[in-house]
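Chains as they are written, first to last, in my numbering: chain A, -6 to 488; chain B, 185 to 666.
For glycine and all other residues, C-beta sits at the position ideal for the given N, C-alpha and C.
For reference, the structure discussed in these notes is given below.
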């Protein structure tokens, strides 16, 4: 199979190249040039990704847009790329989010502008690589390399406790991913020298080996998702990261963990996945319910949204481990939707933070009086976060609950509780921040959102609405792949 | 190999050339006027080393022997010697300004470093225990003197003393062990010893006993725990240029040396030395990585980091397979490249009368110079084993070799230690990028220095993106050597 398409390579290397070029515009007088270059680079990155959507074949579960060249012959490692219905949407989501992040940073970042933007562009390319890699080492390479720009983003442009948060973020994820590396080398030996993920899917494995592998991958991906109880890095990282960092963390990197479960855990260790489904579901439900309560108690807006992210990602893993179409597809839809909604929530907080420099809920009150346009968006995204029907947040949660009820009523019941919890913590925050009397002078002096802010919030609002009202196109692309995956998982590897 | 008892001088041509040139340089030093002495020495030395490296480069052939089988030229020797010559050339380019500012860029330094280089080249090409020892001592004696070169410095003298005493003890242990093996096998020739041990199935307790001393001696030389005590003191106490030297090329030579003794001559007794190396590498990985966290002096931190890296290299060797050996070889060459860059960075920030060897000296480097900060970032992440840098592939090959040999627990252990190791490399990145600078003086360096440093650090990235060439070269070399 020779490479016939370069679409995926372009989605990876266009942003990285743009990022490297941006790095050179590091003078004080070149700030605007850096911004424009980064914007052009990110838009180019989005444009080259569009063929993924337009020429995607819904009918097949096989990898599409395949590229494959020998890379490191000593280990039979290939530069192999390809997307299926599971990964394609995330490449698009990531490319799209990068554009928003660049726009959102336009005025709020004034220090080391070029490095900031370059970090995001390089990050974007690496993340696309994670979703597109079909060679395990290539995947690992992107997966790890991604930590470097994120580490710098949090550490350089973050809040007061940024160093602690950045180091914690890095070491947590590194520990997980190195265990995954050990698992990959093990699989390389078992498959007689292949790092092709498809070969990993096919190779027969005993239950013990599967269980060990499952936990090795689990160590890596559960930290990324993050699942309870390894979630503690996330609130720190989110709170301390600059707005763009929070957006990318929530919208993109969390998805990589969930994606890893679908690409590695389920197909490589299907029987272990079945055997451990109860364990995974329990952890997911704890995340959904317990973290929901934790979110209720937060006084810091970013922390609240961070906990809400963990809770929403619990839905995703719950959906995956009930092993039916609604569950898995619901999980995937939830991932995309959460990408939009959490990005929007963090951008809203960023808008306020840029003006008042506080993330405390108590520092606000009555914002609607001075920022009516902003209030409209904030309330809208709050509703979407709470899972209001006709927003994208509803679709995924509904599908997962539907899937769960087929397996066990109580799973569905516990999951449904969060719909209430989610509404409670989100709307309560919205009430305290947006509505009521004008709380203080800071709020009195607020200016409403400008055209630039209107642009990125508006685009996200449209995305949330479209996906909420007409989710069909999103689920259609994933049908074949999800069905094939579930069939593979149901067959198992023990015969 | 039995049928070539000839002298075969041509095979040792690079070594002979190096020796001749060393003598020439000695004369040049003697008869040059003071104002152009340093320049002449510098260019002659670099010219010699590069020529040596180039002359070594010929297509890998089966092993060929010279001097009555005392000297071997095989794939491993060629690659290691090339790496050694280039590493030493880099050391000299990095150290020139640093030493000149301290009045130490003199003929003595050049002579010592060239003799040490000759010793290292003999070490990796020796096929006889006596020849091996000869090379080792030539390197060791030159190194002791180099550490002591700054004779007015108390710390340097102390470091040299420690280095000398412990190094001599290690040599003694090694000789003692080798003498026992001689007693058991009746030969000092690597190939003969290998044959006898294979025939006796390594059951002779004398061989095992001798092996303990040999391994202890080797462990001393590379600074594996529990024989590491000299490393931090010598690294910190020696002038940075000497630390740079000790930390780079001799590690490559030590790898070749260990391979000649353990793999080539006692490969059949792998079961015996494997378990010893397991203990050494586990302890090195644990102690090196954990203690490095507590260091505030960068040179000392890098000493502990070197200990842990040597533990990683031993992991490759202890696998006892060709995959493992080639992984160890790939690892040690990668490591030398990283060490050169990291010490190069310390010397970049040092000025006359000021050593930038504290962690705090790296604070805010990104504000002083984004480019150097970026280079150091590459070096640190590469040392931590984060892809896409070279260090990642080095770790990957070693882990694959060890896992293939059936030591799953060792792989998991090494992985956990790598996470601990990542912490202190990360701290350097943190200091450079997240903190404000203390020292805001501009960074000045010559064009050769800046160019080399950039190439050196970027090589870690480029070789990380295309690791295949070096990796395959190492594998081929090992496959044809053994």
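Which residues in the same chain have their Cβ closer than 8 Å to the Cβ of residue 263 of chain B, if we skip the five residues on either side of it in sequence?
-> By 1-based counting over the second chain, the position of residue 263 of chain B is 79. Around residue 263 of chain B: 513, 517, 657, 658 and 661.
Is it a yes or a no for the region 420 to 436 of chain B touching the region 312 to 330 of chain B, going by three-plus beta-carbon pairs under 8 Å?
-> yes
Does DSSP put residue 652 of chain B in a helix, in a strand, or in coil?
-> Counted from its first residue, the second chain places residue 652 of chain B at position 468. It is helical.
Could you pull out every residue in the same chain whose Cβ sits closer than 7 Å to the Cβ of residue 116 of chain A, ignoring the five residues on either side in sequence?
-> Within the first chain, numbered from 1, the residue matching residue 116 of chain A stands at position 123. 139, 142, 143 and 241, listed in sequence order.
Show which residues of chain A have a CB atom less than 7 Å away from the CB atom of residue 588 of chain B.
-> Taking the second chain and counting its residues from 1, one reaches residue 588 of chain B at position 404. Those within 7 Å of residue 588 of chain B in chain A are 182.
Identity of the residue in B:440, B:424, B:497 and B:207 nearest residue 467 of chain B by Cα = As a working note, residue 467 of chain B is residue 283 in the second chain. When only C-alpha atoms are compared, the closest one is B:497.
Between the Cα of residue 317 of chain B and the Cα atoms of B:333, B:344 and B:360, which residue gives the shortest distance?
-> One-based indexing of the second chain puts residue 317 of chain B at position 133. The shortest Cα separation from residue 317 of chain B among B:333, B:344 and B:360 belongs to B:360.
Which of helix, strand or coil does DSSP assign to residue 310 of chain B?
-> One-based indexing of the second chain puts residue 310 of chain B at position 126. Here residue 310 of chain B sits in strand by DSSP.
By Cβ distance below 6 Å, which residues in the same chain neighbour residue 406 of chain A in space, the five residues on each side in sequence not counted?
-> Taking the first chain and counting its residues from 1, the one referred to as residue 406 of chain A is at position 413. Answer for residue 406 of chain A: no residue qualifies.
Quick one: is residue 208 of chain B buried, meaning 16 or more other Cβ sit within 10 Å of its Cβ, or exposed?
-> Within the second chain, numbered from 1, the residue matching residue 208 of chain B stands at position 24. Label assigned to residue 208 of chain B: exposed.
For residue 546 of chain B, which of helix, strand or coil comes out of DSSP?
-> Sequence index remark: in the second chain, residue 546 of chain B carries index 362 (1-based). In this structure, residue 546 of chain B counts as helix in the three-state DSSP scheme.
Cα separation between residue 88 of chain A and residue 196 of chain B?
-> If you number the first chain from 1, residue 88 of chain A lands on position 95. If you number the second chain from 1, residue 196 of chain B lands on position 12. The alpha-carbon atoms of residue 88 of chain A and residue 196 of chain B are separated by roughly 58 Å.
Taking C-beta pairs closer than 9 Å, name the residues in chain B that residue 512 of chain A reaches, listed in chain order.
-> There is no way to answer for residue 512 of chain A, as the model of chain A reaches only from -6 to 488.
Could you give the DSSP three-state label for residue 198 of chain A: helix, strand or coil?
-> Start at 1 with the first residue of the first chain, and residue 198 of chain A comes out as number 205. Three-state DSSP puts residue 198 of chain A in coil, outside helix and strand.
7 Å Cβ cutoff met for residue 495 of chain B and residue 465 of chain B = Here the question's residue 495 of chain B lines up with position 311 in the second chain. Here the question's residue 465 of chain B lines up with position 281 in the second chain. The answer is yes: Cβ separation under 7 Å.
Answer yes if the region 444 to 462 of chain B comes into contact with the region 370 to 384 of chain B, meaning at least three C-beta pairs across the two stretches below 8 Å, and no otherwise.
-> yes
What does residue 66 of chain A touch in chain B if you count any residue whose Cβ is under 9 Å from its own?
-> Locating residue 66 of chain A in the first chain gives position 73, counting from the first residue. Ordered by position in chain B, the residues that pass the 9 Å Cβ test against residue 66 of chain A are 652, 655 and 656.
State buried or exposed for residue 103 of chain A, treating a residue as buried only when at least 16 other CB atoms are found within 10 Å of its CB.
-> Counting from 1 along the first chain, the entry for residue 103 of chain A is found at position 110. Per the 10 Å Cβ criterion, exposed.
Applying a beta-carbon distance threshold of less than 7 Å, which residues of chain B neighbour residue 210 of chain A?
-> As a position in the first chain, residue 210 of chain A is number 217, starting the count at 1. Those do not exist, as residue 210 of chain A stays about 14 Å from chain B at its closest Cβ, beyond 7 Å.
Under a three-way DSSP split, which group does residue 353 of chain A fall into?
-> The sequence position of residue 353 of chain A within the first chain is 360, counting from 1. Three-state result, residue 353 of chain A: strand.
State buried or exposed for residue 480 of chain A, treating a residue as buried only when at least 16 other CB atoms are found within 10 Å of its CB.
-> To locate residue 480 of chain A, count along the first chain from 1; it is residue 487. It counts as exposed.
Would you tell me roughly how many angstroms separate the C-alpha atoms of residue 581 of chain B and residue 418 of chain A, rounded to the nearest one?
-> Taking the first residue of the second chain as 1, we reach residue 581 of chain B at position 397. Taking the first residue of the first chain as 1, we reach residue 418 of chain A at position 425. Straight-line Cα distance between these residues: approximately 49 Å.
Could you give the distance in angstroms between the alpha-carbon of residue 159 of chain A and the alpha-carbon of residue 148 of chain A?
-> Within the first chain, numbered from 1, the residue matching residue 159 of chain A stands at position 166. Within the first chain, numbered from 1, the residue matching residue 148 of chain A stands at position 155. Rounded to the nearest angstrom, the two C-alpha atoms are 5 Å apart.
Reduced DSSP category for residue 354 of chain B - H, G, I as helix; E, B as strand; rest coil = For this step, residue 354 of chain B is matched to residue 170 along the second chain. It is helical.
Is any beta-carbon of chain A found at less than 7 Å from that of residue 185 of chain B?
-> Residue 185 of chain B sits at position 1 when you count from the first residue of the second chain. Note that residue 185 of chain B scores 47 on pLDDT, short of 50, meaning its location in the model is unreliable; the coordinates nonetheless yield the value given after this. Not closer than 7 Å to any Cβ of chain A, the Cβ of residue 185 of chain B fails to qualify, so no.
Per DSSP, which residues does residue 584 of chain B bridge with? Please list them.
-> The residue labelled residue 584 of chain B in the question sits at position 400 within the second chain. For residue 584 of chain B, which the question treats as bridged, DSSP gives no partner whatsoever.
Report all residues from its chain with a CB closer than 8 Å to the CB of residue 626 of chain B; omit the five preceding and five following residues, and keep chain order.
-> Here residue 626 of chain B refers to the residue found at position 442 of the second chain. The answer, listed in chain order, is 552.
Could you give the C-beta distance for residue 285 of chain A and residue 440 of chain A, rounded to a whole number, given that I count them as a contact under 8 Å?
-> Indexing the first chain from 1 puts residue 285 of chain A at position 292. Indexing the first chain from 1 puts residue 440 of chain A at position 447. About 34 Å; that fails the 8 Å criterion.
Show which residues of chain B have a CB atom less than 9 Å away from the CB atom of residue 149 of chain A.
-> For the purposes of this step, residue 149 of chain A is taken as the residue at position 156 of the first chain. Those within 9 Å of residue 149 of chain A in chain B are 550, 617 and 618.
Can a CB atom of chain B be found closer than 7 Å to the CB of residue 178 of chain A?
-> In the first chain, residue 178 of chain A corresponds to position 185, counting from 1. By this cut-off, residue 178 of chain A is an interface position.
Pick out the complete alpha helix (DSSP H) segments inside the region 283 to 340 of chain A, 4 residues or longer, and give them in chain order.
-> 294 to 313
According to DSSP, residues forming a beta bridge with residue 249 of chain B = Translated into the one-based positions of the second chain, residue 249 of chain B becomes position 65. Looking at the DSSP assignment, residue 249 of chain B forms a beta bridge with B:256.
Can you give me, in chain order, the residues of the region 601 to 614 of chain B that have a beta carbon less than 7 Å from any beta carbon in chain A?
-> 602, 603, 606, 607, 610 and 614
Cα-Cα separation between residue 305 of chain B and residue 654 of chain B, rounded to whole angstroms = Locating residue 305 of chain B in the second chain gives position 121, where the first residue counts as 1. Locating residue 654 of chain B in the second chain gives position 470, where the first residue counts as 1. Cα to Cα, residue 305 of chain B sits roughly 20 Å from residue 654 of chain B.
Could you tell me which uninterrupted alpha helix (DSSP H) segments, each at least 4 residues in length, are contained entirely in the region 157 to 207 of chain A, listed from first to last along the chain?
-> 190 to 195
Report the neighbours of residue 565 of chain B on chain A: residues whose CB is nearer than 8 Å to its CB, in chain order.
-> Counted from its first residue, the second chain places residue 565 of chain B at position 381. Here the neighbours are 141.
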